[in-house]
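Asks: Letter by letter, the sequence shown follows residues 334 to 519 of this note's numbering.
Below: one structure in structure tokens.
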Amino acid sequence: MLLSGTISTPPPSLRLKSTLNPQNAVTQPSQASYSITDKDLESRGFHLRRTAQGLNLDQLNSVFVAVGFPRRDTAKIKVALEHTDALLWLEYEKTRKPVAFARATGDGVFNAIIWDVVVDPSFQSLGLGKAVMERLIDDLKVKGICNIALYSEPRVLGFYRPLGFVSDPDGIRGMVFIRNKHKNKN
Ligand SMILES: CC(C)(COP(=O)(O)OP(=O)(O)OC[C@H]1O[C@@H](n2cnc3c(N)ncnc32)[C@H](O)[C@@H]1OP(=O)(O)O)[C@@H](O)C(=O)NCCC(=O)NCCS
């Protein structure tokens, strides 16, 4: 698990380059810090979306499958999105299909976990993954959330690190409940 920020009182070195003031007040994201501006994305035919409205879940599922995620029940994806605090996706103008996606769940004030970061293989290495992540992180920071975590496959660590994520900060390890191992012990 990668972390940006910490679980309670983060040391400065672990925090995102946050613009939060000492009172943890909400701030607005700055377009200037993005690797690609909204305008540039639009001019390249990528429309930014921050709600699930208009998102075809079968098409999203196809992007998940195309990058190697298991195909999921679309009805369950719908429920997951209903319980998602922040999401961001890019719709490609020519096809009207989602080509990049990321979402975060959490408690709305302290903590968030980012899930399902994907870019359609035909659109990878264009800066879209970074564009989506930069904005999702900012959207969370705007809500005052400074503890942002995610699970990363080893091959993607290099994608997340420049975005401000570190592995095992101060020795903190993520732990995951594995049902089968638990059952075997009984
Ligand atoms: C990981 C993923 C989201 C990256 O999206 P992308 O649009 O291809 O990446 P970008 O073009 O925005 O790359 C941004 C930067 O990250 C780097 N980068 C991209 N993928 C990387 C990787 N796997 N390892 C290291 N660096 C990577 C790029 O070189 C680029 O560097 P730069 O800013 O110095 O030019 C995309 O490859 C993907 O969907 N992969 C399959 C699904 C997946 O593994 N998701 C993550 C689950 S943990």
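Every residue, glycine too, gets a C-beta built ideally from N, C-alpha and C.
Alpha carbon to alpha carbon, how far is residue 353 from residue 422?
Replies: Only weak support exists for where residue 353 lies, its pLDDT of 33 falling under 50; the coordinates are left without a value.
Asks: Can you tell me whether DSSP reads residue 490 as helix, strand or coil?
Replies: Helix at residue 490.
Asks: I need the boundaries of the alpha helix (DSSP H) containing residue 337, first residue and last residue.
Replies: Run containing residue 337: none in the alpha helix (DSSP H); it sits in the beta strand (DSSP E), 335-337.
Asks: Run the CB neighbour count on residue 481, radius 10 Å, all protein chains shown included, and call it buried at 16 or more, exposed below.
Replies: The residue is buried, with at least 16 neighbouring Cβ atoms inside 10 Å.
Asks: May I ask you to list the residues that DSSP assigns as paired with residue 423?
Replies: Answer is 381 and 433, bridged to residue 423.
Asks: For residue 396, which three-state DSSP category applies?
Replies: DSSP places residue 396 in helix when its eight states are reduced to three.
Asks: Is it the case that the Cβ atoms of residue 388 and residue 382 are separated by a distance below 8 Å?
Replies: Result yes, Cβ atoms of residue 388 and residue 382 sit closer than 8 Å.
Asks: Just to check my reading of the structure: residue 461 and residue 452 have Cβ atoms closer than 8 Å, yes? What is that Cβ distance to the nearest angstrom?
Replies: Yes, residue 461 and residue 452 are in contact; Cβ-Cβ is about 5 Å, under 8 Å.
Asks: Kindly identify the DSSP beta-bridge partner or partners of residue 500.
Replies: Looking at the DSSP assignment, residue 500 forms a beta bridge with 335.
Asks: Taking residue 431 as the reference, give the member of 473, 395, 409 and 437 with the closest Cα.
Replies: If we check each option's Cα against that of residue 431, 395 comes out closest.
Asks: Please state if the CB of residue 433 and the CB of residue 414 are separated by a distance shorter than 8 Å.
Replies: Cβ atoms of residue 414 and residue 433: not closer than 8 Å.
Asks: For residue 389, which three-state DSSP category applies?
Replies: In this structure, residue 389 counts as coil in the three-state DSSP scheme.
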